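Using UniProt numbering, the letters of the sequence shown correspond one by one to residues 1 to 616.
We put the beta carbon where it would ideally sit given N, CA and C, even for glycine.
Being a predicted model, the structure only gives us computed values, none of them experimental.
Following: one structure in structure tokens, then a few remarks.
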Amino acid sequence: MTLCFLDFSSDHPANDRLQRHASRIRRSLTVLAMAGVVTTAALSMPQAFGQDSGAPVVETDAPAGTDTKPSTETKPAATDAGQSELDEAIIKRIDAETEDQLESVAALLESSLTKGLDEENAAFAKQMLGSVLLQRAQGMAQTIVQANGRRREDVREETIRVLNQAVEADPKLVEAFLLIARLNLLPGGDRKQITAATTSAIALLEDDPKEKSAALMLRALTQDSEDKRMQDLNAAIEADGENMEARQARALAKLEENDVEGAMVDLEGILAKDPTNQAVAGLAVQKLVQLERLDEAMKLITNMLASNPNEGMYRMRAVLHRANNDSDLALADLNKAIAMAPKDPMTLMQRSALALDRDDVKSAKADYAAALEIEPRIEGADEGIELRLQIAIAEKRMPDAINDAQLLCDKAPDNVFRRLRLASLYSIDNRPRKAIDILSGILRDDPKNVAVLRTRGDALLSVGDHAAAIDDYEKAIASIGNLDVSVADEQDKIEASGIYNNLSWVLSTSTNDSVRNGKRAIELAEKSAELTDYQEAHILSTLAAGYAEAGDFENARLWSEKAVALAAEEEDQTNSQLEQLKEELESYKADKPWREKQETEENNVPILSPEELIDT
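Right, dumping it as structure tokens:
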């Protein structure tokens, strides 16, 4: 055996094989160094890289004296012209952290692939390129939150472009697909890209059920079809039964489909796992209330309170008790909430509103004042203004109520409910013409609004403009259409009954001969009475007036007597109302129809603003 020194600058055929072997060693050491198994110093060993350190020694079995000169045999053209760039990229990759450093490594890898590598090295370079581009994109993604306006969108788009290059280099780079999907969830994102990216990720995650479940959940968010969305949610939960986010989404999706029973199974599972999850409970309760499934909502909250009593859930259950008209239970829950969090202004506000329901104005004012002391900003918040308005109404301080109602309208000029309420307050304060101005403005934008037509009709009636009032009532009835009593909800019945009654009354009792119509009045009064099961005294009075106008005084007296008897039994009837009903009956006994012309005297007392009321 002799020792032969090989010169790497020579053209010996073994040189090529040794260079390739050295390249593989370099890659192995790089991987080990990155994993912390060896130090980066190992990468500088000359022997590992085939560098001249006095010429490496290679052992050979050739006998002494054997000719060891390189063969002159021609070999095919090399396919590793990009090897030097790959080698340089491997070394630079170790310490590359900044975007510029990573971009430099990526450029070297792309150059090596362009120049050419053998199959093994090309696969390695592509995988490494994907990893580098992913790391670069992750760094860019972290800067998105600091960017503003158009710059934020530009950074997002550039990050997605880099990620697309990453998955082109390494189609198995699941982290890149998931990041593409998440970035497209931001404003301006592309739902189709989310679907495509998550679909690719899902296919790569067969061996990682938790990550697969998360990817399915992400794809479910972008599905246009409810069926496909539910399929993804079901698959996400099947892959990972502990994915509470997917269970929550499925529960809410089932609630949207009115599958309350199915939703409750998921919700109970979520809350059993995390009884403190008020966000889920809040969304679920809100949806259940919308579906008028108060019992299920109550059960959900009660189960949460049994395992984890907290003020938020007591507040929420108090809302449900209030919706069920059970003010005692609502008050008990609010008292518990305040005992747990005595400085919570919102709970105090809620209890103040409940006190108004219970006609306890003194307690309502005390809780409002306590909330205001804890959080002075409540005074200018919508909730604070609303509560103050309701207290003013309860105390019959109409100018103060009108001022607060105007404040709320100024905050939301397009809010029809707020404008309608302001008009109603003007009517209550004997300012019908101001009410008519507001209502006319609403009707210019929404000419078929039943509630507004009815309210303006009432206001026109109060100023003696019977013809205009009748026109508004008829338009309101046309907007209602043919109301099917068997399927109409209670609110629709109340609204329709009121309009039928008011129109019937003016058609029967107007002092304007040209507008009265007994036949039409009876027809409308019958509808109103039917909608209220013939149990409202003032509506039976209207029916009597219709018969009197038609000349049928026998039926007029019959229904008038029933109205008087019913009113006498009703505790909320004032003496003046009962007295008028008796006067109507006396008129019919004398075979005289009833005539009435309401004409409210306009209240012209100026309404002072809060600033004008300050004593200077």
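Going by the beta-carbon positions, is the gap between residue i and residue j smaller than 8 angstroms?
i	j	result
Val416	His466	no
Ala563	Ala537	yes
Ala392	Ala381	no
Ala565	Gln577	no
Val450	Ala476	yes
Lys273	Met244	yes
Gln165	Ile180	no
Tyr500	Leu524	yes
Met340	Glu375	no
Leu109	Leu173	no
Leu113	Ala122	yes
residue 646	Ala550	The structure shown does not extend to residue 646, since the chain is modelled only from 1 to 616, so the question has no answer here.
Ala435	Arg421	no
Determine the closest residue to residue i out of the options, with distance taken between C-alpha atoms.
i	options	result
Val319	Tyr500, Met346, Ala339	Met346
Ile202	Asp190, Phe177, Ser225	Phe177
Leu129	Glu103, Glu153, Gln142	Glu103
Glu383	Arg557, Leu348, Val285	Leu348
Ala355	Ala394, Asp100, Asp274, Leu372	Ala394
Glu561	Arg322, Asp367, Leu581	Leu581
Ser609	Leu408, Ile477, Pro399	Pro399
Glu602	Ser528, Tyr426, Asp533, Asp458	Tyr426
Ala191	Ala220, Ala141, Ile90	Ala is not the amino acid found at residue 191; the sequence shown has Arg there. Of the candidates Ala220, Ala141, Ile90, the one whose C-alpha sits nearest the C-alpha of Arg191 is Ala220.
Asp87	Met340, Ala125, Lys228	Ala125
Gly82	Ala96, Ala107, Glu554, Leu503	Ala107
Ala353	Leu173, Asp367, Pro413	Asp367
Gln248	Glu569, Leu271, Lys228	Leu271
Asn482	Asp472, Ser497, Asp471	Ser497
Ala330	Ser307, Asp357, Asp484	Asp357
Output the distance between the C-alpha atoms of residue i and residue j, rounded to the nearest integer angstrom.
i	j	result
Thr98	Ser111	20 angstroms
Asn604	Thr509	28 angstroms
Lys343	Arg388	20 angstroms
Thr302	Val289	15 angstroms
Asp326	Ala548	43 angstroms
Leu283	Asn335	24 angstroms
Lys396	Lys411	24 angstroms
Ile94	Pro309	53 angstroms
Leu408	Lys592	48 angstroms
Ser440	Arg456	8 angstroms
Val258	Ile378	Inspection of the sequence shows that residue 258 is occupied by Asn rather than by Val. Asn258 and Ile378: Cα-Cα distance of roughly 37 angstroms.
Ile160	Met217	20 angstroms
Leu531	Arg182	54 angstroms
Asp170	Leu185	23 angstroms
Ala337	Met304	14 angstroms
Val155	Glu206	32 angstroms
Ala196	Ala137	19 angstroms
Ala22	Ala89	Residue confidence for Ala22 is low, a pLDDT of 47 falling below 50, so the modelled location carries little weight and cannot support an answer.
Thr199	Thr143	27 angstroms
Glu175	Asp80	30 angstroms
Pro275	Asn430	53 angstroms
residue 617	Asp359	No statement about residue 617 is possible, as the shown extent of the chain runs from 1 to 616 and does not include it.
Asp208	Lys92	32 angstroms
Ile438	Arg419	7 angstroms
Gly36	Gly188	With a pLDDT of only 44 at Gly36, under 50, the local geometry of the prediction cannot be trusted, and no value is derived from it.
Glu386	Val285	24 angstroms
Ala253	Gln278	18 angstroms
Ala96	Ala246	38 angstroms
residue 705	Ala529	This structure cannot speak to residue 705, because the chain is shown only from 1 to 616.
Arg229	Thr222	8 angstroms
Report, in whole angstroms, the separation of the C-beta atoms of residue i and residue j, which I expect to be a contact under 8 angstroms.
i	j	result
Val167	Val132	Actually they do not touch by this definition, with Cβ atoms about 13 angstroms apart.
Glu526	Leu543	7 angstroms
Arg317	Asp328	Not quite, the Cβ-Cβ distance comes to about 13 angstroms (not below 8 angstroms), so this is no contact.
Val260	Leu294	In fact, because the Cβ distance is near 11 angstroms, the residues do not count as touching under 8 angstroms.
Asp458	Asn512	Asp458 to Asn512, Cβ: 17 angstroms. No contact.
Gly546	Ser587	That pair is no contact at about 14 angstroms.
Leu453	Ser486	About 25 angstroms separates the two Cβ atoms, so there is no contact after all.
Leu255	Ala281	With 8 angstroms as the limit, Leu255 and Ala281 do not qualify as a contact, their Cβ atoms being about 13 angstroms apart.
Glu158	Met140	7 angstroms
Establish whether the CB of residue i and some CB of chain B are separated by less than 8 angstroms.
i	result
Val280	The structure shown has no chain B; it contains just one protein chain.
The stretch 113-131 / the stretch 145-155 touching (three or more Cβ pairs under 8 angstroms): no
Validate contact between the stretch 261-280 and the stretch 221-234 using beta carbons, cut 8 angstroms, 3 pairs: For the pair of segments examined, the stretch 261-280 was found not to touch the stretch 221-234: the number of CB pairs separated by less than 8 angstroms stays below three.
Any 3 or more C-beta pairs closer than 8 angstroms across the stretch 234-250 and the stretch 205-219: yes
At least 3 beta-carbon pairs within less than 8 angstroms: the stretch 451-468 vs the stretch 592-605: Yes, they touch.
Given 8 angstroms, three or more beta-carbon pairs between the stretch 435-445 and the stretch 492-509: Taking 8 angstroms as the limit for Cβ pairs, the verdict is that the stretch 492-509 does not touch the stretch 435-445.
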